[in-house]
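For the protein sequence lines, the chains are A and B, in the order given.
The first sequence begins at 1204 in this note's numbering and counts up by one.
The second sequence begins at 1204 in this note's numbering and counts up by one.
All C-beta atoms in this analysis are idealised placements derived from N, C-alpha and C, irrespective of residue type, glycine included.
Contents: one structure, followed by commentary.
Number of protein chains: 2
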Amino acid sequence: MPSARDEAAPPTMSDVARLAGVSVMTVSNVVNGKDARVSQAMRDRVHEVISELGYRVNMPARALRLGRIGVVALAVPMLDDLYYGEVAQRLADRFEDHGLRLAVESTRGALTRELAVLDDSRLTTYDGVVLAAAAGDASVLEGLQPSTPLVILGERSVPDRFSQVSMDNRGGALRATMDLLRLGARRIALIGGATDGGEGMAAGRTAGHLEALDGAGVARAAELIVPAGVRPQDGYAAAASLLDAGVAFDALLCVTDALALGAMAAVAARGLRIPEDVQVIGWDDTAVGAMATPALSSVAPDNAAAAEVTVRLLMGRIESPSFPPEHVVVSTEVRHRGTTRR
Amino acid sequence: MPSARDEAAPPTMSDVARLAGVSVMTVSNVVNGKDARVSQAMRDRVHEVISELGYRVNMPARALRLGRIGVVALAVPMLDDLYYGEVAQRLADRFEDHGLRLAVESTRGALTRELAVLDDSRLTTYDGVVLAAAAGDASVLEGLQPSTPLVILGERSVPDRFSQVSMDNRGGALRATMDLLRLGARRIALIGGATDGGEGMAAGRTAGHLEALDGAGVARAAELIVPAGVRPQDGYAAAASLLDAGVAFDALLCVTDALALGAMAAVAARGLRIPEDVQVIGWDDTAVGAMATPALSSVAPDNAAAAEVTVRLLMGRIESPSFPPEHVVVSTEVRHRGTTRR
DNA sequence: TTGTATGCGTTATCAA
DNA sequence: TTGATAACGCATACAA
């Protein structure tokens, strides 16, 4: 049975007003720093009572009244991901310049319920949402006509009415593969590749990879396209499966740095040398990848540009619902470090 | 000048009700799945109008009415951190079991303003807050009497009225150092150590480290305690500074895996072998660390237990304001992998 | 099964 | 400079 203390509601502006002997509006004005509308004496009196009561503004009430929350969300598949972590911090810093906080939420659980990624609550609890749509069913977006400003991060084709920021997957994979070929590789395994077409991130990178092979007249080999999950362990397992099966390869193109780090570990565990026996290129240009041994070469998207345009598109939509949606593709470049030969 | 479209407010329940020719309450009941209170015909009618209008529940309004939000926050110093990423995903999964979403926010910007870590908005926009208080001024908490349920994650001493979950820093560092000594190390550098006492995470781990040295009769060496930042790059710089200065060492104890990964890169860049020339132990037992080459030995906190108790303490407080605060210390164990000798 | 009235805590507006 | 009033959108309690 709840005690009396359990029922004690947090103090409200009315409580402060009553105790200070002023009106609620005066408290509101003090709280919001509208100094021009409150005398010094009143201000002091109110502040005194506020700290005495431990009063805090009720944000939902304020949000209801103002029609805005002051927070935008970034929805990512998982919170413990190297790349999304960096994306999140970059976005947080930039949104803060606009007076908005960034809240990061995981869609992992929600994805199992398909449609729920963009359910009511996730959308309308925020002034805007950046959705990193790595997986899941693209058709989710078809019927959606959100009133909440929304920017899609990722490669899946989405209806024109949505703003989207993606990167040049095909081009990046094309150049990375060409670089590997130029550096002597002939049997390049694609870790995290897509075997079944489709239109996600993996599909785009796979397409670019195959295009490079074809262009160079190097035969494709089905066994060298290895689907994988997203964690470093998945990269390890993928590379290990090749080694266990006796599939020969002299290079690994991995669709993320996370996979590459795992794949490197599997290769090293077999006593193979990087880059002498096996060259490796990852994707995302993460800080951890650059600190690997050897330092991981990586396809580097223009992350700063991506963050900037994401914020611009979302802010535009927040400030004006008629802001036209855009689809922006940011460029990528291959950054060679220690896992590829000079 | 804003166009007419810019002023179009999102549809409300009233709009739906009017168009469907029913009362607002019927719409509310439909939206909330109270099927027992609405006939099938009504339900269909309302759903039709809802999708026609693209209606979404206004969460701030619902939150104001219900007195709860359905979201708890995890406030971390930075979003692009290996360990906090894993902590976040674990907590998100566990809170979801209780019907609560987790929103991760960065305090990085706020920390520059000292007190603002726990400002009004950050607290009252959520049903509860888990604060990872790695840095910043402990005195921030002194005057705070939050009505929002709060659990502190971290090592700083906090007032008894707060629930806190920390880990056995002293014990973990003690055992890690003893292990290194047992494995033949005599000159152990502490990367990320605290040179000036204090009470943070680094201070606790430094104390345990020194205690082990003293216990084994191994002389302390001031030049082997190397303060560092938190990113892998900072670990690289710290180890590199030792090497550049010609300070000899045969082992590195790093206060985080992130620092260890960077330090390993610096060591390897000098042609030193791990673990033959230099043994390394990190802290946090991250997935990426386990995938390093060689696999990073690490002090592993009982992360599952930490998440579980964190959720228990916060949920307890959310469900009953009189729930007594606790200070729980989770155990740590040294997990030996490839960066230490067998 | 459906509808009406009321209030959650805040702030804009207008009056004093 | 201060205060009274109304309204933001929703859901509980109760009436029909």
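Answer with yes or no whether the minimum CB distance from Val1546(B) to chain A is below 8 Å.
-> Because chain B is modelled from 1204 through 1545, residue 1546(B) falls outside the range shown and cannot be assessed.
In three-state DSSP terms, what is Thr1489(A)?
-> Position 286 of the first sequence, counted from the first residue, corresponds to residue 1489(A). Correct three-state label for Thr1489(A): coil.
Give, in chain order, every residue of the segment 1372-1406 of chain B whose Cβ lies closer than 7 Å to some Cβ of chain A.
-> none
Contact between the segment 1390-1401 of chain A and the segment 1507-1517 of chain A: three or more CB pairs below 8 Å?
-> No: fewer than three Cβ pairs fall under 8 Å.
Span of the alpha helix (DSSP H) holding Pro1263(B)?
-> Locating residue 1263(B) in the second sequence gives position 60, where the first residue counts as 1. Judged by DSSP secondary structure, Pro1263(B) falls within the alpha helix (DSSP H) whose first and last residues are Met1262 to Leu1269.
Verify the CB distance criterion: does His1530(A) have a CB-CB separation below 8 Å to chain B?
-> Here residue 1530(A) is taken as the residue at index 327 of the first sequence, counted from 1. Chain B contact via Cβ: absent.
Below-8 Å beta-carbon distance, Thr1350(B) vs any chain A residue | Looking up residue 1350(B) in the second sequence gives position 147. Residue identity differs from the one stated: residue 1350(B) is Ser in this sequence, not Thr. It does; some Cβ of chain A falls within 8 Å.
C-alpha gap between Val1279(B) and Arg1311(B), whole angstroms = The sequence position of residue 1279(B) within the second sequence is 76, counting from 1. The sequence position of residue 1311(B) within the second sequence is 108, counting from 1. Taking the straight line joining both Cα atoms gives about 8 Å.
Give a yes or no on whether 8 Å exceeds the smallest Cβ distance from Pro1213(A) to chain B.
-> Taking the first residue of the first sequence as position 1, residue 1213(A) is located at position 10. Closer than 8 Å to some Cβ of chain B, the Cβ of Pro1213(A) qualifies, so yes.
Going along chain A in order, which residues have a C-beta closer than 8 Å to the C-beta of Arg1304(B)?
-> Your numbering for residue 1304(B) matches position 101 in the second sequence. Ordered by position in chain A, the residues that pass the 8 Å Cβ test against Arg1304(B) are Glu1308, Ser1324 and Arg1325.
Indicate whether Pro1263(B) and Ala1266(A) have their beta-carbon atoms separated by less than 8 Å.
-> Indexing the second sequence from 1 puts residue 1263(B) at position 60. Indexing the first sequence from 1 puts residue 1266(A) at position 63. Cβ atoms of Pro1263(B) and Ala1266(A): closer than 8 Å.
Could you round the C-beta distance between Val1533(B) and Ala1508(B) to whole angstroms and report it? I think they count as a contact, below 8 Å.
-> Translated into positions along the second sequence, residue 1533(B) becomes position 330. Translated into positions along the second sequence, residue 1508(B) becomes position 305. Confirmed, about 5 Å.
Establish whether the CB of Asn1261(A) and some CB of chain B are separated by less than 8 Å.
-> One-based indexing of the first sequence puts residue 1261(A) at position 58. It does; some Cβ of chain B falls within 8 Å.
Unbroken alpha helix (DSSP H) runs of length 4 or more, entirely within the segment 1446-1481 of chain B: which are they?
-> Restricted to the segment 1446-1481 of chain B, the alpha helix (DSSP H) segments that are unbroken, complete and at least 4 residues in length are 1460-1472, listed in chain order.
Which class does Leu1393(B) belong to by DSSP, given the choice of helix, strand or coil?
-> Residue mapping note: residue 1393(B) aligns to position 190 of the second sequence, counting from 1. In the structure shown, Leu1393(B) sits in a strand (DSSP, three-state: E or B).
Please classify Ile1355(B): does DSSP put it in a helix, a strand, or coil?
-> Counting from 1 along the second sequence, the entry for residue 1355(B) is found at position 152. Looking at Ile1355(B) - three-state DSSP - the assignment turns out to be strand.
Report buried or exposed for Arg1325(A), applying the criterion of at least 16 other Cβ atoms within 10 angstroms of its Cβ.
-> In the first sequence, residue 1325(A) corresponds to position 122, counting from 1. So Arg1325(A) ends up on the buried side.
C-alpha distance - Asp1330(B) paired with Ala1440(A), whole-angstrom precision = The sequence position of residue 1330(B) within the second sequence is 127, counting from 1. The sequence position of residue 1440(A) within the first sequence is 237, counting from 1. So the two alpha carbons sit approximately 40 Å from each other.
What number of angstroms, rounded off, separates the C-alpha of Leu1318(B) from the C-alpha of Tyr1258(A)?
-> Walking along the second sequence from the start, residue 1318(B) turns up at place 115. Walking along the first sequence from the start, residue 1258(A) turns up at place 55. Any answer about Leu1318(B) is weak, because its pLDDT of 41 lies below 50 and its placement is not dependable; what the coordinates show is given next. Each residue's alpha carbon lies about 16 Å from the other.
Beta strand (DSSP E) containing Thr1535(B): first to last residue?
-> Indexing the second sequence from 1 puts residue 1535(B) at position 332. Segment Thr1535 to Arg1538, the beta strand (DSSP E) holding Thr1535(B).
Pull up the distance between the alpha-carbon of Asn1506(B) and that of Phe1298(B), whole angstroms please.
-> In the second sequence, the residue the question calls residue 1506(B) occupies position 303. In the second sequence, the residue the question calls residue 1298(B) occupies position 95. When rounded, the distance between both Cα atoms is 15 Å.
Does any CB atom of chain A fall closer than 8 Å to the CB of Ala1422(B)?
-> Indexing the second sequence from 1 puts residue 1422(B) at position 219. Among the CB atoms of chain A, none fall inside 8 Å of the CB of Ala1422(B).
Is the CB of Leu1464(A) under 8 Å away from at least one CB in chain B?
-> Numbered from 1 along the first sequence, position 261 holds the residue referred to as residue 1464(A). Taking Cβ atoms only, chain B reaches closer than 8 Å to Leu1464(A), which makes this a yes.
Between the segment 1425-1437 of chain B and the segment 1483-1497 of chain A, do at least 3 Cβ pairs fall closer than 8 Å?
-> yes
Using a Cβ-Cβ cut-off of less than 9 Å, give me the residues of the segment 1427-1450 of chain B that come near chain A, in sequence order.
-> Arg1434, Pro1435, Gln1436, Gly1438 and Tyr1439
Could you give the C-beta distance for Ser1500(B) and Thr1542(B), rounded to a whole number, given that I count them as a contact under 8 Å?
-> Locating residue 1500(B) in the second sequence gives position 297, where the first residue counts as 1. Locating residue 1542(B) in the second sequence gives position 339, where the first residue counts as 1. The Cβ separation is near 5 Å, so the contact holds.
On the three-state DSSP scale, how would you describe Gln1436(B)?
-> The sequence position of residue 1436(B) within the second sequence is 233, counting from 1. Gln1436(B) falls in the helix class under three-state DSSP.
Compute the Euclidean distance between the alpha carbons of Pro1349(B) and Ala1410(A), then round it to the nearest angstrom.
-> Here residue 1349(B) refers to the residue found at position 146 of the second sequence. Here residue 1410(A) refers to the residue found at position 207 of the first sequence. Their Cα atoms are separated by approximately 54 Å.
Interface flag, Gly1288(B) vs chain A, CB-CB below 8 Å = Reading the second sequence from its first residue, position 85 is the one you call residue 1288(B). Yes, contact with chain A.
Looking at chain A, which residues of the segment 1492-1504 of chain B have a Cβ within less than 9 Å of any of its Cβ atoms?
-> Ala1493, Met1494, Ala1495, Thr1496, Pro1497 and Ala1498
Cβ pair Leu1377(A), Ala1422(A) closer than 8 Å | Counting from one through the first sequence, the residue named residue 1377(A) turns up at place 174. Counting from one through the first sequence, the residue named residue 1422(A) turns up at place 219. Contact: no.
Between the C-alpha atoms of Ala1335(B) and Gly1357(B), what's the straight-line distance to the nearest angstrom?
-> Residue numbering aside, residue 1335(B) sits at position 132 when the second sequence is read from its first letter. Residue numbering aside, residue 1357(B) sits at position 154 when the second sequence is read from its first letter. For Ala1335(B) and Gly1357(B), the distance between alpha carbons rounds to 6 Å.
Does the beta carbon of Gln1243(A) come closer than 8 Å to any beta carbon on chain B?
-> Numbered from 1 along the first sequence, position 40 holds the residue referred to as residue 1243(A). Not closer than 8 Å to any Cβ of chain B, the Cβ of Gln1243(A) fails to qualify, so no.
Taking only beta-carbon atoms, is Gly1331(A) less than 8 Å away from chain B?
-> By 1-based counting over the first sequence, the position of residue 1331(A) is 128. Answer no: the Cβ-Cβ gap between Gly1331(A) and chain B never drops below 8 Å.
If we ignore side chains and look at the alpha-carbon of each, how far apart do Asp1218(B) and Asp1382(A) end up?
-> In the second sequence, the residue the question calls residue 1218(B) occupies position 15. In the first sequence, the residue the question calls residue 1382(A) occupies position 179. The straight-line gap from Cα to Cα measures roughly 59 Å.
If I'm right that Gln1292(A) touches Ser1309(B) with Cβ under 8 Å, what's the distance once you round it to whole angstroms?
-> Taking the first sequence and counting its residues from 1, one reaches residue 1292(A) at position 89. Taking the second sequence and counting its residues from 1, one reaches residue 1309(B) at position 106. With 8 Å as the limit, Gln1292(A) and Ser1309(B) qualify as a contact, their Cβ atoms being about 6 Å apart.
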